[in-house]
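Line order of the protein sequences matches chains A and B. The numbering used here numbers the first residue of the first sequence as 3 and each following residue consecutively. The numbering used here numbers the first residue of the second sequence as 42 and each following residue consecutively. Ideal Cβ placement from N, Cα and C applies to all residues, glycine included.
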Amino acid sequence: MTPGDIAAFAQGAVVTVALSVAGILIGLPVGLGLALIRWGKVPVIGRLVALYVSILRATPLVTLLLLLFFALPNVGVPIDPYSAAILALSMNTSAFNCEIWRAALLAFPKDQLEAAMSVGMSAGLRFRRIVLPQIARASLPALVNEMSLLIKVTPVLAVVGVVDITRAAVRIGAETYEPLPPFLVAIALYAPIIFGLVSLQRFIERRHAAAEAA
Amino acid sequence: MIHDFGIVWNERGLLMSGLANTALLSVIAAVVSLLLGAALAPAMMSRRRAVAGAARAFVDAMRCVPFLLFAYIVYYGLPSLGINFDNWSAGLAALMLYNTAYMAEILRGAWAAMPREPIEAGTAFGFSGVRLFRRIILPGLVLSAGPVVGNQLIQIIKDSAFLTIIALPELTHAASSIQSRYYVPFAAFITAVALYWGLCLVVEGGVNVLRRLADARR
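Written out as structure tokens, the structure reads:
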């Protein structure tokens, strides 16, 4: 590999990580918002959110990405590959995050809410001080797992022309007529990131189990 | 807009063959990887350190590799080692091998979480070996691992869409070719999304039946 190839991989790695982080940072609060709408049983909108989650969870990221990238300009919304990538990632992950947050909300003990109400806490304060810290802790392992799944599907973003790790590998493979080495380098870049998240999830789960046993 | 959907309707043959390919790929990959996973799961729990370590290393490695890159390696990489595939077999092989690791992990987890009492009771009633496995262990294992295997099948269906990149004529590839021929991106891809959704609803329906069976047995 030439120094130029190494630079291409380094740049690609920055793009891959930046897009993943953007998707995660947008997907977390949006997922929580969607979960709250379903939890609060908001009429009509709650049903729409359930439909959105059901469809998005069944849609492959490639298909969603191609839909957004080609169809949005068609209806007069110009979109570049990077915005399409971030939009697709956050739509996809928000649907999964919604289900994770909702499971934690459904398991939340009602008596705590009633106790908070009886000491006169407002709805916003109840959510911030009582509900959020506990559901965040309960959802954390599943959320970290979802993050590792998100990073695992990012190679597909190269399809619309995002210049990430995968795109660099494809280009170098096409130039040198030896596709195997650049793809192995790409895997060597992805694997530690995903392994880090998987280990983090196991660590959190073990700590929870230890805390519950104590 | 209606006109666009008319074009997609005229090309329904192409979409349906894409859907059939997606369904076929996913089901074959799920069945084979479930069987291979069933062979790998006991290896992960083997008392021999080397066997357990090797099986665990394979499973962990697969779980850290993005599927798309794995498919690229199988499709572009193996021919340079002298193993040649057409894109259908390469895609199917990639799906099967990749998911074997996930299925093995699912089965190992379900096995480890199984209560010991029914097995002990079975042994006390004189069941052993194959009969113990078939009559006592297997039904419980199918009912407890079933929903997770169903989720994995949905994951396989979605992963199979990545194979459009190696030009495998599955559902997303069919939608892509309709869109590039007639420039009807919204109609083509939204139809594909609806078909994926339908496929996943069918799988979820099956999982729910299994879950109700499991509840009835409890």
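When the beta-carbon positions are compared, A135 (chain B) and A112 (chain B) come within less than 7 angstroms of each other.
In summary, H214 (chain B) is buried, with 16 or more beta-carbon neighbours lying within 10 Å of its beta-carbon over all protein chains present. Counting the other Cβ atoms within 10 Å of the Cβ of T61 (chain A) gives 16 or more, which makes it buried.
Your pair A91 (chain B) and A84 (chain B) does not check out as a contact, with CB atoms roughly 10 angstroms apart and the cut at 8 angstroms. Remark: fewer than three beta-carbon pairs, one from each stretch, lie closer than 8 angstroms, so the stretch 14-25 of chain A and the stretch 131-147 of chain A are not flagged as touching. Its Cα nearest to that of Q13 (chain A), the residue A:T168 stands out among A:L182, A:T168, A:I57, A:R209.
For T232 (chain B), none of the residues of chain A pass the 8 angstroms Cβ criterion, the least Cβ distance being about 10 angstroms. Between the stretch 70-79 of chain B and the stretch 141-152 of chain B there are three or more inter-stretch CB-CB distances shorter than 8 angstroms, so the stretches are counted as touching. Under the Cβ criterion of 7 angstroms, G118 (chain B) is counted among the residues facing chain A. The stretch 180-191 of chain B makes no contact with the stretch 231-240 of chain B, as fewer than three CB pairs between them are under 8 angstroms. In this model, L152 (chain A) and M42 (chain B) are separated by some 33 angstroms (Cα to Cα). Within the stretch 128-199 of chain A, the complete alpha helix (DSSP H) runs of at least 4 residues fall at 134-155, 167-178. In the pairwise beta carbon analysis, the stretch 21-35 of chain A is classified as touching the stretch 92-105 of chain A: at least three pairs are separated by under 8 angstroms. For Q193 (chain B), there are no C-beta contacts with chain A under 7 angstroms, since the nearest C-beta of that chain is about 12 angstroms from it. For I57 (chain A), the chain B residues whose C-beta falls within less than 7 angstroms of its own C-beta are V234, W238, listed in chain order.
Between L81 (chain B) and A96 (chain B) a beta carbon distance of about 6 angstroms is seen, short of the 8 angstroms cut, so the two are scored as contacting.
Inter-segment contact for the stretch 178-191 of chain A and the stretch 106-122 of chain B is present: three or more beta-carbon pairs are separated by less than 8 angstroms. Straight-line spacing of the CA atoms in A10 (chain A) and I137 (chain A) works out to 41 angstroms.
Burial check for R40 (chain A): the Cβ neighbour count within 10 Å reaches 16 or more, so the residue is buried. Within the same chain, no residue comes within 7 angstroms of S56 (chain A) by CB-CB distance, once the 5 residues on both sides are set aside. Secondary structure of R89 (chain B) (DSSP, three-state): coil. Inside the stretch 191-250 of chain B, DSSP marks whole alpha helix (DSSP H) runs of 4 or more residues at positions 212-223, from first to last along the chain.
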